[in-house]
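One structure is given here, and the rest of the page talks about it.
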């Protein structure tokens, strides 16, 4: 047994899951090979440590909480299955978020009205224009909330559903949510509904908070520059394990390829698989590379040509929503910052100046934080991360054509066997010859004498007849 | 499965909550512990474990008994954890984000968990180190290691829980232990006998 075979079986050996034959072989190998012995002891130590980890008790109130959830789940299950899933989903969704929607409608009305007022009035008149608009929107919000329970009661009325849908759509359009709406329109599948819910839940109350907070004008500016991002932000990651020949050469190739494509190596480490003192030291290691997103599949293809991919995972994460949320918030804060600067210019008293300055630096800090996140995301999106685990093997061929190889071996073995048999039989023949020699000599002497005697007798008889 | 459990199972399939609670009483701590090792903290573990148990409740009527009940339970638990982990990836939590209050904003600060000369603390710290190492394993290897070393499943059990061949289980465990060892080796207190 060599080190590689032994190493592969070590974990099973620790878990007593090897065949008795293998066990004997490993025992023998471990006695002679210090490197494997160390490896064995370390792995065993790891396993022991894990086994000693204490079992966690259930947290307090776990069962009670679970019970409540079970009761809820049971109610959900017992409820009659709705006939039209899509409509019901939409309705349920609406029911859950009635408040949010009505607030959203109100907020978007504020935005619309104030935006228009901005166009027609100059700065000094703006505040006057704002006041009534807020009032109207409050009324609207109230109305919508009032209307909602009615929709709930008359479940079977198709016309009512339609109106629900209308108000739903209205809200979406108003809030510049065109993209999500596009997604949702052809098919209100579960996912889409949830996506929408998340989107609106996170976004709209924010606008609301800004709108009815201390600074009413901010919202008017904010909603206007809502970025219409059509391209999705997707973070792509890949994870590969591969067997390769010529470790150093291939690693070099991967690194060169990465730099050529405009990426960079983020992390790299190499080590010997079983120590460098073994007869044929093999290396292993991993390298994490960052490559432009468009090159992602090209890279994987190139890697495939370098060796044998044994394990391959890919995942992508869509952060469009989160990205947009933060981008919006940044826009919001920037407007606020501009406003604060305006106030700052007008401020006369030191007390006011200090207060405004305080606020300014706080807002600035928040903007910086969020922009930092956005930049980080941009990097993550533009450069995909691929982690590659590399295992050097003596020859890839052995693993590729094991059947042919064993056939050859078998042919060779049987040929050698036949030769051996032939030699063996010739030997036996020789032995037989030697063994029979005394008999042959003895019998031939006896035969010869007998022949002579018979010949003489025959001669004597012939003479007598003559 | 004992006869009592079979009765509980039958009743659970009809939707009886009390029976279901009896049925999973034996498993829920394990489910929680698997979740804890998968998620890496108690809060997420609780959510994932409850999520898993609710899923089990909802689909228990579909359980036909072609695999063992416990195997089936742990399979759902693991899948639930995977889902949660996938969801978790989205949430980025700031440890010192400013919290807005009426009087302005304050910094959210974490308590300093410095060293205390106490063996209990040391043990807890060691466990934390190990958990951190586990968190860094690739998902598949992590699952295999959790089931094998922490929960003490046999290779057969793991193979049927994960619905993959025993050979795969073997290599995942082997690989997982090696990675874990490499990770723990970076700890200065590592020696052949483990971390002392």
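Chains as they are written, first to last, in the working numbering: chain A, 1413 to 1878; chain B, 5 to 200.
Heads up, the beta-carbon is just placed ideally off N, CA and C, and yes, glycines get one too.
Endpoints, the alpha helix (DSSP H) within which residue i is located
i: residue 1663 of chain A; result: 1659-1672
i: residue 170 of chain B; result: 170-189
i: residue 155 of chain B; result: Premise fails: residue 155 of chain B is in no alpha helix (DSSP H) and is neither H nor E.
i: residue 1685 of chain A; result: Run containing residue 1685 of chain A: none; DSSP gives neither H nor E here.
i: residue 1479 of chain A; result: 1474-1490
i: residue 20 of chain B; result: Note, residue 20 of chain B: premise wrong, no alpha helix (DSSP H); not H, not E.
i: residue 1446 of chain A; result: 1446-1463
i: residue 1469 of chain A; result: Neither: residue 1469 of chain A is in no alpha helix (DSSP H) and is coded neither H nor E.
i: residue 79 of chain B; result: 73-92
i: residue 4 of chain B; result: As shown, chain B starts at 5 and ends at 200. That puts residue 4 of chain B outside it, with no answer to give.
i: residue 145 of chain B; result: 143-149
i: residue 42 of chain B; result: 32-43
Cβ pair residue i, residue j closer than 8 Å
i: residue 13 of chain B; j: residue 43 of chain B; result: no
i: residue 1485 of chain A; j: residue 58 of chain B; result: yes
i: residue 1647 of chain A; j: residue 1728 of chain A; result: yes
i: residue 1797 of chain A; j: residue 1670 of chain A; result: no
i: residue 1383 of chain A; j: residue 1705 of chain A; result: Look at the range of chain A in this structure, 1413 to 1878, and you will see that residue 1383 of chain A is not part of it.
i: residue 139 of chain B; j: residue 1467 of chain A; result: no
i: residue 61 of chain B; j: residue 1482 of chain A; result: yes
i: residue 1756 of chain A; j: residue 1765 of chain A; result: yes
i: residue 17 of chain B; j: residue 64 of chain B; result: yes
i: residue 1739 of chain A; j: residue 1792 of chain A; result: no
i: residue 185 of chain B; j: residue 1455 of chain A; result: yes
i: residue 134 of chain B; j: residue 1462 of chain A; result: yes
i: residue 1724 of chain A; j: residue 1652 of chain A; result: yes
i: residue 1731 of chain A; j: residue 1645 of chain A; result: yes
i: residue 1458 of chain A; j: residue 188 of chain B; result: yes
i: residue 19 of chain B; j: residue 1413 of chain A; result: no
i: residue 5 of chain B; j: residue 73 of chain B; result: yes
Terminal residues of the beta strand (DSSP E) in which residue i lies
i: residue 1648 of chain A; result: 1646-1656
i: residue 1430 of chain A; result: Element bounds for residue 1430 of chain A: n/a, residue is neither H nor E.
i: residue 1803 of chain A; result: 1795-1804
i: residue 1695 of chain A; result: 1695-1704
i: residue 1726 of chain A; result: 1720-1730
Where residue i meets chain D, residues with beta-carbon distance less than 8 Å
i: residue 24 of chain B; result: Within the model displayed, chain D is absent; protein chains A and B are what it includes.
Supposed contact pair residue j and residue i - C-beta distance, whole angstroms, cut 8 Å
i: residue 39 of chain B; j: residue 22 of chain B; result: At roughly 24 Å, the Cβ-Cβ gap does not stay under 8 Å, so residue 39 of chain B and residue 22 of chain B are not in contact.
i: residue 1415 of chain A; j: residue 1686 of chain A; result: 4 Å
i: residue 1741 of chain A; j: residue 1782 of chain A; result: 6 Å
i: residue 1779 of chain A; j: residue 1745 of chain A; result: 5 Å
i: residue 1806 of chain A; j: residue 1694 of chain A; result: 7 Å
i: residue 86 of chain B; j: residue 143 of chain B; result: 7 Å
i: residue 131 of chain B; j: residue 1465 of chain A; result: 6 Å
i: residue 1708 of chain A; j: residue 50 of chain B; result: Residue 1708 of chain A to residue 50 of chain B, Cβ: 37 Å. No contact.
Closer than 7 Å: residue i CB and nearest the ligand GTP heavy atom
i: residue 1801 of chain A; result: The ligand GTP is absent from the structure shown, which contains no ligand whatsoever.
Per the contact definition of three or more C-beta pairs closer than 8 Å, is the stretch 1430-1441 of chain A in contact with the stretch 162-177 of chain B? With fewer than three CB-CB distances shorter than 8 Å, the stretch 162-177 of chain B does not count as touching the stretch 1430-1441 of chain A.
Residues of the stretch 1453-1466 of chain A whose Cβ lies closer than 7 Å to any Cβ of chain B, in chain order: Listed by position along the chain: 1453, 1454, 1455, 1457, 1458, 1459, 1460, 1461, 1462, 1463 and 1465.
Quick one, which residues of the stretch 5-22 of chain B are near chain A if we go by CB-CB under 7 Å, in chain order? Within the stretch 5-22 of chain B, those residues whose Cβ lies closer than 7 Å to any Cβ of chain A are, in chain order, 19 and 21.
Given 8 Å as the limit, is there contact between the stretch 1696-1704 of chain A and the stretch 1784-1802 of chain A, that is, 3 or more CB pairs closer than that? Yes, the stretch 1696-1704 of chain A touches the stretch 1784-1802 of chain A.
Can we say the stretch 1422-1430 of chain A touches the stretch 1447-1455 of chain A, given the rule of at least three CB pairs closer than 8 Å? The count of Cβ pairs closer than 8 Å, one atom from the stretch 1422-1430 of chain A and one from the stretch 1447-1455 of chain A, reaches three, so the stretches are in contact.
Decide yes or no for the touch test of the stretch 140-156 of chain B against the stretch 164-183 of chain B: beta carbon pairs closer than 8 Å, at least 3 of them. They touch, by the three-pair rule.
Taking three-plus beta-carbon pairs below 8 Å as touching, is the stretch 1713-1720 of chain A in contact with the stretch 1656-1668 of chain A? Put simply, the stretch 1713-1720 of chain A touches the stretch 1656-1668 of chain A. At least three CB pairs are less than 8 Å apart.
Indicate whether the contact test is met: 3 or more Cβ pairs, each with one atom in the stretch 13-33 of chain B and one in the stretch 53-73 of chain B, closer than 8 Å. Enough Cβ pairs lie closer than 8 Å, so yes.
How do the stretch 1670-1680 of chain A and the stretch 1821-1837 of chain A stand: do at least 3 beta-carbon pairs fall below 8 Å, yes or no? Here the stretch 1670-1680 of chain A does not lie against the stretch 1821-1837 of chain A, with fewer than 3 beta-carbon pairs under 8 Å apart.
Which of the residues in the stretch 28-39 of chain B, read from start to end, lie with their CB under 7 Å from any CB of chain A? Within the stretch 28-39 of chain B, the residues whose Cβ lies closer than 7 Å to some Cβ of chain A are 32, 33, 36 and 37, listed in chain order.
Where the stretch 1650-1670 of chain A meets chain B: residues whose CB sits under 8 Å from a CB there: Residues 1651.
Near-chain B residues of the stretch 1740-1773 of chain A (beta-carbon distance less than 7 Å), N- to C-terminal order: Within the stretch 1740-1773 of chain A, no residue qualifies.
Scan the stretch 38-57 of chain B for residues whose Cβ lies nearer than 7 Å to a Cβ of chain A and list them as they occur along the chain. Contact annotation: in the stretch 38-57 of chain B, residues whose CB is within less than 7 Å of a CB in chain A are 40, 46, 50, 54 and 57.
Listed from N- to C-terminal order along the chain, which residues in the stretch 56-87 of chain B have their beta-carbon within a distance smaller than 7 Å of any beta-carbon of chain A? Residues 57, 58, 61 and 62.
Below 7 Å between beta carbons is the criterion; list the residues of the stretch 1672-1700 of chain A that meet it against any residue of chain B, in chain order. Under the 7 Å Cβ criterion, the stretch 1672-1700 of chain A contributes no residue.
Taking a Cβ distance cut-off of 9 Å, strictly less, list which residues of the stretch 1416-1433 of chain A are near chain B, in chain order. The stretch 1416-1433 of chain A vs chain B, Cβ under 9 Å: 1419, 1420, 1421, 1422, 1423, 1424, 1426, 1427 and 1429.
Can you list, in chain order, the residues of the stretch 1697-1721 of chain A whose Cβ is nearer than 7 Å to any Cβ on chain B? If the cut-off is 7 Å between Cβ atoms, the stretch 1697-1721 of chain A has nothing near chain B.
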